[in-house]
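Notes to accompany the following structure.
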Amino acid sequence: MSDVIKTVKADLKHSNRPVARCLHKGKGFKVLVVGMYKGMSMHDHKTNVSTTLTVLEGSLYYNNGHSSTLLQQYEDFAIPTAEMHSIESVDDCLFLLTQGKKIQAWEAADDELT
Numbered sequence: 001m002s003d004v005i006k007t008v009k010a011d012l013k014h015s016n017r018p019v020a021r022c023l024h025k026g027k028g029f030k031v032l033v034v035g036m037y038k039g040m041s042m043h044d045h046k047t048n049v050s051t052t053l054t055v056l057e058g059s060l061y062y063n064n065g066h067s068s069t070l071l072q073q074y075e076d077f078a079i080p081t082a083e084m085h086s087i088e089s090v091d092d093c094l095f096l097l098t099q100g101k102k103i104q105a106w107e108a109a110d111d112e113l114t
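With UniProt numbering, letter number 71 in the sequence shown gets 71, and the count goes up by one each step, no holes.
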């Protein structure tokens, strides 16, 4: 297990709100690890960059004001840019937020894998 993930889990034990830490950062992208206990939430907010949420452990609801999407372990969801949304944990959960511009080389690699 990554030291960053271990840190998030350890810090969460002493927090009453979600804990986030940067797992990777590079040119034009970053990956955040977020930990939440059951019942915690990230209140309404927007993202101004392309973001994908990937659930590693537990489950959560992605709410956009019009609907709620249940996301469970290993499921991912592309968060629309500039959409007001919130996240509510159903269980203790750990998830990744992958943010940034999609680099053309990644698109080519994606095409080769599919």
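From the three backbone atoms N, C-alpha and C, an ideal C-beta is built for every residue, glycine too.
Please read these numbers as outputs of a predicted model, since none were measured by experiment.
For residue i and residue j, I'd like the C-alpha separation in whole angstroms.
i: Tyr-37; j: Asp-3; result: 19 Å
i: Tyr-61; j: Cys-93; result: 11 Å
i: Leu-23; j: His-66; result: 31 Å
i: Asn-63; j: His-85; result: 5 Å
i: Thr-81; j: Leu-32; result: 17 Å
i: Ile-103; j: Lys-25; result: Since pLDDT at Ile-103 reaches only 49, below the 50 mark, its modelled position is unreliable, and the value read off the structure follows with that caveat. Using only the alpha carbons, I get a separation of about 14 Å.
Anyone know if the C-beta pair for residue i and residue j falls short of 8 Å?
i: Gly-39; j: Ser-89; result: yes
i: Thr-51; j: Asp-76; result: no
Tell me, which residues are paired with residue i by DSSP?
i: Ala-78; result: Thr-52
i: Gly-100; result: Phe-29
For residue i, which option in the options has the closest C-alpha, if you only look at C-alpha atoms?
i: Asp-44; options: Ile-87, Asp-91, Phe-95; result: Ile-87
i: Leu-97; options: Asn-63, Thr-69, Thr-47; result: Thr-47
i: Val-49; options: Asn-63, Lys-30, Leu-70, Val-19; result: Lys-30
i: Gln-72; options: Pro-80, Asp-11, Asp-91, Glu-83; result: Asp-91
* Can you give, in chain order, each stretch of the alpha helix (DSSP H) that sits fully within the region 3-46 and has at least 4 residues? -> 3-12
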